[in-house]
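Here is the structure we will look at.
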Amino acid sequence: MTKPVKVLFVCLGNICRSPTAHGIFDQLVKEAGLQDQIHIDSAGTSDWHVGKAPDSRTVARARQRGYDLSPLRARQFVCSDFDQFDYVLGMDDSNMANMRQLHPGKFDGTFELFLNFGSRQDYREVPDPYYGGEKGFDLVIDLVEQASEGLLTHIRQHHLDSYHLVEK
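Take 1176 as the starting number for the sequence shown in the working numbering and just add one per residue.
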């Protein structure tokens, strides 16, 4: 077996968007039986919430949609993450700019906006729902679900020895 593909989702505080992506993509990977071949983590560019659980609204909305984010804890993105991950995926341009400041100059992996793996043309970035209402959290989940499907397809096609779909 080849070494696992490692995916890191990054937002500002690692309490709303990136843990949502982490939890949704993790569930998708497990449903596909690929948890030994794809490893997932999330981080924030700031250190405001290190060690804390995801925002309670994020956890609640995700739970209503069938995802469990409760085991996740925030951590800060560090330069060495570029050495540890094959995919470093930001939620918005600001996250990308913050990570770019730590960029070592040479990174052989994929460093881009997460929604580039989705097919929706109306959003380039995952909007931060922190100061909004429930609809904002639902939109984040909708965008993340769709982009997660695209990311999993991409990883299967480009990195995994066997490309097999699991019927739902």
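C-beta: ideal position from N, C-alpha, C; glycine also.
From the options, residue whose alpha carbon lies closest to that of residue i
i, options, result
"aspartate 1261", "Gln1239, Asp1216, Trp1223", "Asp1216"
"isoleucine 1190", "Trp1223, Val1204, Leu1314", "Trp1223"
"arginine 1250", "Ser1221, Gly1241, Thr1233", "Ser1221"
"proline 1194", "Ile1330, Gly1284, Val1180, Arg1238", "Arg1238"
"glutamine 1296", "Asp1313, Gln1321, Ile1316", "Gln1321"
Cut-off 8 Å between Cβ atoms - residues of its own chain near residue i, not counting five sequence neighbours on either side
i, result
"threonine 1177", "Gln1212, His1334, Leu1335, Asp1336"
6 Å Cβ shell around residue i - same chain, five flanking residues per side excluded
i, result
"cysteine 1254", "Leu1277"
"glycine 1325", "Phe1292, Gly1293"
"phenylalanine 1184", "Ser1193, Ala1196, His1197, Ser1217, Leu1264"
"glycine 1188", "Gly1219, Ser1221, Trp1223, His1224"
"proline 1279", "Phe1257"
Chain-order list of residues whose beta-carbon lies under 7 Å from that of residue i (same chain, five-residue window excluded)
i, result
"serine 1245", "Ala1228, Val1234"
"tyrosine 1242", "Gly1198, Ile1199, Gln1202"
"glutamate 1287", "Leu1264"
"histidine 1339", "Any reading at histidine 1339 is ruled out, since the residue's pLDDT is 47, under 50, leaving its predicted position unreliable."
"lysine 1343", "With a pLDDT of 38 at lysine 1343, under the threshold of 50, the modelled position of that residue is not reliable, and the figure given next carries that caveat. Cβ within range, chain order: n/a, list empty."
"leucine 1290", "Tyr1298, Arg1299, Glu1300, Val1301, Leu1318, Ala1322"
"glutamine 1210", "Val1204"
"isoleucine 1330", "Val1180, Ile1213"
Simplified DSSP state of residue i, which is helix, strand or coil
i, result
"glutamate 1300", "coil"
"phenylalanine 1200", "helix"
"lysine 1205", "helix"
"lysine 1343", "Unreliable positioning characterises lysine 1343 in this predicted model, as indicated by a pLDDT of 38, which lies under 50. A coordinate reading is not provided."
"serine 1231", "helix"
"leucine 1277", "coil"
Endpoints, beta strand (DSSP E) assigned at residue i
i, result
"lysine 1310", "Careful: lysine 1310 lies outside any beta strand (DSSP E), inside the alpha helix (DSSP H) at 1309-1334."
"valine 1182", "1180-1186"
"serine 1217", "1213-1219"
"phenylalanine 1282", "Premise fails: phenylalanine 1282 is in no beta strand (DSSP E) and is neither H nor E."
**Request:** Counting only runs of 4+ residues fully inside the region 1243-1275, write out the alpha helix (DSSP H) ranges in chain order.
**Result:** Counting only runs of 4 or more, we get 1256-1259, 1268-1275.
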